[in-house]
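Asks: So that we are looking at the same thing, I have put the structure below in structure tokens.
Protein chains: 2
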Amino acid sequence: MTEPSDAPSATAADMAAPDRVPNRTAAFAALANLLGDRFSRAAGDRGQHGRNESYFPPILPEAVAWPETTAEVSRIIAICAAHALPVTAWAAGTSLEGHALAVEGGLSLDMTRMDKVLEVHPEDMLVVVQPGITREALNAQLRDTGLFFPIDPGANATLGGMAATRASGTTAVRYGTMRDNVLATEAVLADGRVIRTGSRARKSSAGYDLTGLFVGSEGTLGIVTELTLRLHGQPEAISAATCAFHDFARAVETVIATIQMGIPVARIEFLDEDVAAAFNAGSGADMPELPHLMVEFHGTPAGVKEQAERFGEIVAEMGGAHFTWADRPEDRNRLWKMRHGAYHACLGLRPGAMGVVTDICVPISRLAEAVAETRADIAAQGLVGPIIGHVGDGNFHALLLVDPNSPDEVQKAKWVAARMAARAHRLGGTMTGEHGVGMGKRHLMADEHGPAWQVMGAIKAALDPAGILNPGKVVPGPDSDALLRETRA
Amino acid sequence: MTEPSDAPSATAADMAAPDRVPNRTAAFAALANLLGDRFSRAAGDRGQHGRNESYFPPILPEAVAWPETTAEVSRIIAICAAHALPVTAWAAGTSLEGHALAVEGGLSLDMTRMDKVLEVHPEDMLVVVQPGITREALNAQLRDTGLFFPIDPGANATLGGMAATRASGTTAVRYGTMRDNVLATEAVLADGRVIRTGSRARKSSAGYDLTGLFVGSEGTLGIVTELTLRLHGQPEAISAATCAFHDFARAVETVIATIQMGIPVARIEFLDEDVAAAFNAGSGADMPELPHLMVEFHGTPAGVKEQAERFGEIVAEMGGAHFTWADRPEDRNRLWKMRHGAYHACLGLRPGAMGVVTDICVPISRLAEAVAETRADIAAQGLVGPIIGHVGDGNFHALLLVDPNSPDEVQKAKWVAARMAARAHRLGGTMTGEHGVGMGKRHLMADEHGPAWQVMGAIKAALDPAGILNPGKVVPGPDSDALLRETRA
Numbered sequence: 115m116t117e118p119s120d121a122p123s124a125t126a127a128d129m130a131a132p133d134r135v136p137n138r139t140a141a142f143a144a145l146a147n148l149l150g151d152r153f154s155r156a157a158g159d160r161g162q163h164g165r166n167e168s169y170f171p172p173i174l175p176e177a178v179a180w181p182e183t184t185a186e187v188s189r190i191i192a193i194c195a196a197h198a199l200p201v202t203a204w205a206a207g208t209s210l211e212g213h214a215l216a217v218e219g220g221l222s223l224d225m226t227r228m229d230k231v232l233e234v235h236p237e238d239m240l241v242v243v244q245p246g247i248t249r250e251a252l253n254a255q256l257r258d259t260g261l262f263f264p265i266d267p268g269a270n271a272t273l274g275g276m277a278a279t280r281a282s283g284t285t286a287v288r289y290g291t292m293r294d295n296v297l298a299t300e301a302v303l304a305d306g307r308v309i310r311t312g313s314r315a316r317k318s319s320a321g322y323d324l325t326g327l328f329v330g331s332e333g334t335l336g337i338v339t340e341l342t343l344r345l346h347g348q349p350e351a352i353s354a355a356t357c358a359f360h361d362f363a364r365a366v367e368t369v370i371a372t373i374q375m376g377i378p379v380a381r382i383e384f385l386d387e388d389v390a391a392a393f394n395a396g397s398g399a400d401m402p403e404l405p406h407l408m409v410e411f412h413g414t415p416a417g418v419k420e421q422a423e424r425f426g427e428i429v430a431e432m433g434g435a436h437f438t439w440a441d442r443p444e445d446r447n448r449l450w451k452m453r454h455g456a457y458h459a460c461l462g463l464r465p466g467a468m469g470v471v472t473d474i475c476v477p478i479s480r481l482a483e484a485v486a487e488t489r490a491d492i493a494a495q496g497l498v499g500p501i502i503g504h505v506g507d508g509n510f511h512a513l514l515l516v517d518p519n520s521p522d523e524v525q526k527a528k529w530v531a532a533r534m535a536a537r538a539h540r541l542g543g544t545m546t547g548e549h550g551v552g553m554g555k556r557h558l559m560a561d562e563h564g565p566a567w568q569v570m571g572a573i574k575a576a577l578d579p580a581g582i583l584n585p586g587k588v589v590p591g592p593d594s595d596a597l598l599r600e601t602r603a
Numbered sequence: 115m116t117e118p119s120d121a122p123s124a125t126a127a128d129m130a131a132p133d134r135v136p137n138r139t140a141a142f143a144a145l146a147n148l149l150g151d152r153f154s155r156a157a158g159d160r161g162q163h164g165r166n167e168s169y170f171p172p173i174l175p176e177a178v179a180w181p182e183t184t185a186e187v188s189r190i191i192a193i194c195a196a197h198a199l200p201v202t203a204w205a206a207g208t209s210l211e212g213h214a215l216a217v218e219g220g221l222s223l224d225m226t227r228m229d230k231v232l233e234v235h236p237e238d239m240l241v242v243v244q245p246g247i248t249r250e251a252l253n254a255q256l257r258d259t260g261l262f263f264p265i266d267p268g269a270n271a272t273l274g275g276m277a278a279t280r281a282s283g284t285t286a287v288r289y290g291t292m293r294d295n296v297l298a299t300e301a302v303l304a305d306g307r308v309i310r311t312g313s314r315a316r317k318s319s320a321g322y323d324l325t326g327l328f329v330g331s332e333g334t335l336g337i338v339t340e341l342t343l344r345l346h347g348q349p350e351a352i353s354a355a356t357c358a359f360h361d362f363a364r365a366v367e368t369v370i371a372t373i374q375m376g377i378p379v380a381r382i383e384f385l386d387e388d389v390a391a392a393f394n395a396g397s398g399a400d401m402p403e404l405p406h407l408m409v410e411f412h413g414t415p416a417g418v419k420e421q422a423e424r425f426g427e428i429v430a431e432m433g434g435a436h437f438t439w440a441d442r443p444e445d446r447n448r449l450w451k452m453r454h455g456a457y458h459a460c461l462g463l464r465p466g467a468m469g470v471v472t473d474i475c476v477p478i479s480r481l482a483e484a485v486a487e488t489r490a491d492i493a494a495q496g497l498v499g500p501i502i503g504h505v506g507d508g509n510f511h512a513l514l515l516v517d518p519n520s521p522d523e524v525q526k527a528k529w530v531a532a533r534m535a536a537r538a539h540r541l542g543g544t545m546t547g548e549h550g551v552g553m554g555k556r557h558l559m560a561d562e563h564g565p566a567w568q569v570m571g572a573i574k575a576a577l578d579p580a581g582i583l584n585p586g587k588v589v590p591g592p593d594s595d596a597l598l599r600e601t602r603a
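If you read the protein sequences in the order shown, they are chains A and B. So the mapping is simple: this note's numbering equals the position in the first sequence, first residue as 1, plus 114. So the mapping is simple: this note's numbering equals the position in the second sequence, first residue as 1, plus 114.
Right, here's the structure in full:
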């Protein structure tokens, strides 16, 4: 291990004269010289950076770098630019769509050593962090401030990865997504320049919203090296509950009514009878094997009481039952830990199966229809596909459990997933509410955006003309026509 | 008046072979042919589109067009592109920074005939509108739905203009800004292509946030022809109040404490003793001539009561007095009408004076310091400069009242404004919280954004390579160096 580099940001010499022909030897030599043993081409390191939680087969990068400062990231990118070496950021590896896989080879830029809280400003309810910090580590460090960072995608992802995919999760219905909670960034551009976007003010009208552009850009426009995040007050009172419904449609209608009545739920999650069974089998739960809602209320003691009463009235009208409150912190923690373990619990419904995860989001009024049609498709294909979702946002997932050795089952799962995306579009929604595009959804971008996808391509070309930043992701490329043909075939 | 055009969107012929040399004669002939008497070069029409509420001298466009459909906008832009004719959107003319003035000549695109509500979806709490509708007209049409569009910049601006400047105003502390409330757009690009951004889903991770990029782009990246907006439930209960403080700092500290305690105020406005005097003189108020806060709470009856009690406790601790509640709708309306009339009431403090409006936004913890230093600067220059602001966001305005015939006073006002912008930057904030860049703040963009301003320029060049959309605004241009020299002199 070499000592942390105090190297300045990229110099003119770093940026000079990009090769037209990629020169791996020269690039790797320069990186090794800069980073010492924080640069590796070892098979083990490459293997660790070649697979994540998605169902894509491993794709190994050619090399791995572990920067420790923004200045190092700047110099690394400048070296990559000079030698046309692709560079793809990596952190917790929790992506479900293969975002961080280096599909065109090159360098995996492991951001996990840049994991510091740089500044906490409780009086302004914001924090400045490096991108490699995980959300659990961040909240552990914030505990004594009375504040917390609410975005909760389930996995213990890094903030950088969450920003890159515009992550959200169980609490977005109340606190918004990463789009709403990143105030400012520092980012390294494709030529090594370091920029800052946004400010510490809560709002601004000073030109294009570059912060918003970087959030959700999946590392294709720049490498975010610092994030300024909005914090929220830890609620004075919290109350959580589960309730069951004999008919999934009544559960969904309960959600719709709750949102339309303006009850400010902090979480409202749907899970179907398969997920309840998975929790019973895998998480030690004792739930009726019926569709459920899991809710949480945040506020003052009086406010939480009022919210809970109003919600309870809706549930009663809809014929809900088995109302179970979890008011003690340990009970709530158990509840949400179980919820966050849903992916693994559901995999347990069919040992050895591979999970194909879907992620559509529709206008709330179309939610019942979207879930019903999806259930019908899953049943018609004879698949096991538990459904779970952040239904307050109209967002839900089917986890399609298929035998990875059965091309027929894999094909059926892909058919269901493609139908779900098309359904989301027909209903005015989106094919991905929170997981992002990555490798899994790029072929659907033209369907979702039409000619606006080309606009994304123009922005990419303007900011990364050589296409070194996470190539093969998000925007159209030489492979786009083939991708689209494959989908529509 | 010709009948509304059913012309299709721009054709290949429209888009063909842009002139290298602008050909006004051909462009105007094509526009007249397309629009009939909805195209004008008359002096009266040009004059009406050459001045707005900003303090800039009139700048007349060369011609005015009144499109009625997206297809017409597309054909107009294609004609402008083919003949290198600048095109600047126009609507209510309420900009305070000269956004809609055609500083490089060309066409003023008057969007006021595209003022329809296209679709209302109360069940999804959203509405689809054309950009020329005003916020008051929109809320009048929504009244019976139980929903409303909360963003309230004071002026009866159009939604298109509000989106273009990323407007906010008194309610942003609770409901966010235009950034948070535009879900989707339809926009015409610089070559006449029509795109759609976003969807009706409440969130998405499907690639770059083009909706967020268009919001705040001041008509420099495309002409927005349709907006999908988030609506909010009309609160069950509303309560408003004013209270006075003997010391402006205690008023500001009350705001800081209110925000930090997480009281979900719907509005919290600061006004200083000069504004109170202006309200007494010009709006028939009977207020002590002291610094004031004006607040409003939205929620359930019990929630509003609890918020008001908590706020009242803070006010009492801070030594506030003259607490006056306005619970009846007519009293609240009078209160906010007065607040919205503050600009004109303050102009009345010095008849014949010109108002130079400033608009900084700082982290909330730095608000008292920012206001105090600004007051000291105004006093040191011997100016009258009432201060008023959306202080829950850390955003405030000084309205510097100067004799337009006194170069000395104008110079002093510019000095105060420049110091305010520099102060905002020093305190981690922004030089414009809500008014936008326009003509008035472009020379400060490099100070605010550093090299990120060049990134905005690269995006502009990618989407509008010929620079026909609102040229001379937002991004760097041939005049940037001169602009910056002027500022720093």
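The C-beta atom is built at its ideal place from N, Cα and C for all residues, glycine as well. Since this is a predicted model, take the numbers as computed values, not measurements.
1. Taking 8 Å as the cut-off, does the segment 346-365 of chain A touch the segment 322-332 of chain A (at least 3 CB pairs, one atom from each stretch)?
2. So A527/B packs on L514/B, CB below 8 Å; how close in whole Å?
3. For chain B, is any of its Cβ atoms less than 8 Å away from the one on Y457/A?
4. Since E562/B meets chain A, which of its residues come closer than 9 Å, beta carbon to beta carbon?
5. Using the Cα positions of E161/B and A560/A, report the straight-line distance between them to the nearest angstrom.
6. Quickly, what does DSSP pair H412/B with across the bridge? List them, please.
7. Would P477/A count as contacting chain B if we go by Cβ distances under 8 Å?
8. Report the residues of the segment 275-289 of chain A with a CB closer than 8 Å to any CB of chain D, ordered along the chain.
9. Please name the residue or residues paired with C357/A in a DSSP beta bridge.
10. In chain A, which residues lie with their C-beta within 7 Å of the C-beta of A572/B?
11. From P415/B to G312/A, what does the alpha carbon distance come to, in whole angstroms?
12. Between which two residues does the beta strand (DSSP E) harbouring W439/A extend?
13. Identify the contact partners of M559/A in chain B, using a Cβ-Cβ distance below 9 Å as the criterion.
14. Report the rounded CA-to-CA distance for T342/A versus M292/A, giving the unit in angstroms.
15. For the alpha helix (DSSP H) that E211/A lies in, which residues bound it at each end?
16. At a CB-CB cut-off below 8 Å, which residues of chain B make contact with M545/A?
17. At what residue ranges does the segment 303-388 of chain B contain a whole run of the alpha helix (DSSP H), taking only runs of 4 or more?
18. For L223/B, which of E233/B, A205/B, D238/B has the nearest alpha-carbon?
19. Do we get a CB-CB distance below 8 Å when we pair L324/A with the residues of chain B?
20. Which of the three DSSP states is assigned to L558/A in this structure?
21. Using a Cβ-Cβ cut-off of less than 8 Å, give me the residues of the segment 398-423 of chain B that come near chain A, in sequence order.
22. Taking the runs of the beta strand (DSSP E) that are 3 residues or longer, which of them lie wholly in the segment 507-552 of chain B?
23. Can you name the residues that DSSP bridges to L583/B?
24. Measuring only between beta-carbons, confirm whether G347/B sits less than 8 Å from chain A.
25. Alpha carbons only, please: which of I337/A, V369/A, G496/A is nearest the one belonging to E427/A?
26. Is any beta-carbon of chain B found at less than 8 Å from that of P565/A?
27. Out of K555/A, D258/A, E383/A, P405/A, which one is the CA nearest neighbour of G283/A?
28. Going along chain A, which residues have a C-beta under 7 Å from T291/B?
29. Can you grab the Cα-Cα spacing for the pair R489/B / Y169/B, in whole Å?
30. Applying the criterion that 16 or more other CB atoms from any shown protein chain within 10 Å of the CB defines a buried residue, is G150/A buried or exposed?
31. How long is the line joining the alpha carbons of V338/A and N584/A, rounded to whole angstroms?
32. Quick one: list the residues of chain A neighbouring E340/B, beta-carbon separation under 7 Å, in chain order.
33. Listing by chain order, which chain B residues have their CB less than 8 Å from the CB of S209/A?
34. I'd like to know whether the C-beta of S331/B is nearer than 8 Å to at least one C-beta of chain A.
35. Mind checking the segment 224-257 of chain A against chain B and listing, in chain order, the residues whose C-beta falls within less than 9 Å of any C-beta there?
36. Nearest to T272/B by alpha carbon, out of T248/B, A298/B, G260/B, R288/B?
Replies: Answer, in terms of the structure:
1. no
2. 4 Å
3. no
4. S313, S318, A320, G321
5. Per the sequence shown, residue 161/B should be read as Gly rather than Glu. Their backbone Cα atoms lie some 44 Å apart in a straight line.
6. I352/B
7. yes
8. Structure shown: chain D not included; protein chains present are A and B.
9. L407/A
10. A576, L577
11. 37 Å
12. 435-440
13. A320, G321
14. 11 Å
15. Premise fails: E211/A is in no alpha helix (DSSP H) and is neither H nor E.
16. A320
17. 324-328, 362-374
18. A205/B
19. yes
20. helix
21. T414, A416, G417, E420
22. 509-516
23. V201/B
24. yes
25. V369/A
26. yes
27. E383/A
28. K317
29. 22 Å
30. exposed
31. 13 Å
32. By Cβ distance, chain A contributes nothing, its closest Cβ being about 13 Å from E340/B, past 7 Å.
33. Result: empty, since nearest Cβ-Cβ is about 11 Å, beyond 8 Å.
34. yes
35. H235, P236, E237, D238, M239, L240
36. T248/B
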